[in-house]
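S.K.: The structure that follows is given in the form of structure tokens.
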Amino acid sequence: MGLIGLIFTWPVAPVRAVIRLGELIQEQVEHELRDPAVVRRRLEELEEARRSGQISAEEESQAVERILSTMTGTRRG
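Positions in the sequence shown are counted from 1; adding 5 to them yields my numbering.
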């Protein structure tokens, strides 16, 4: 990239940086949503809440469905 290219792209550098930051954040969130260790921990927390009576069996089932659909990337109506 020559001097002229640098002069014309310099003003948009902050915008590019913000866009890249957003992409990195999105990648990290998607990784955490699909990380098997995180999913397993969430499922174990649900199971414990069900055993202790904090949630009903139906609520547990719905929450498990949401967690698994988020992990697999599928959405059911």
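C-beta atoms are modelled at their ideal positions from N, C-alpha and C, and glycine is treated no differently.
1. Could you round the C-beta distance between Met-76 and Val-34 to whole angstroms and report it? I think they count as a contact, below 8 Å.
2. Count the other CB atoms, across all protein chains shown, that sit within 10 Å of the CB of Leu-73; report buried if there are 16 or more and exposed otherwise.
3. Distance, Cα to Cα, Gly-7 vs Ala-22?
4. According to the neighbour-count rule (16 or more other Cβ atoms, all chains shown, within 10 Å of its Cβ), is Leu-29 buried or exposed?
5. With 16 as the cutoff for other CB atoms within 10 Å, does Leu-11 come out buried or exposed?
M.R.: Straight from the coordinates:
1. Taking C-beta atoms under 8 Å as the contact rule, Met-76 and Val-34 fail to qualify, at a distance of about 13 Å.
2. Around the beta carbon of Leu-73, a 10 Å sphere encloses fewer than 16 other beta carbons of the protein chains shown; the residue is thus reported as exposed.
3. So the alpha carbons of these two residues sit roughly 21 Å apart.
4. Exposed is the call here.
5. Exposed: under 16 other Cβ atoms inside 10 Å.
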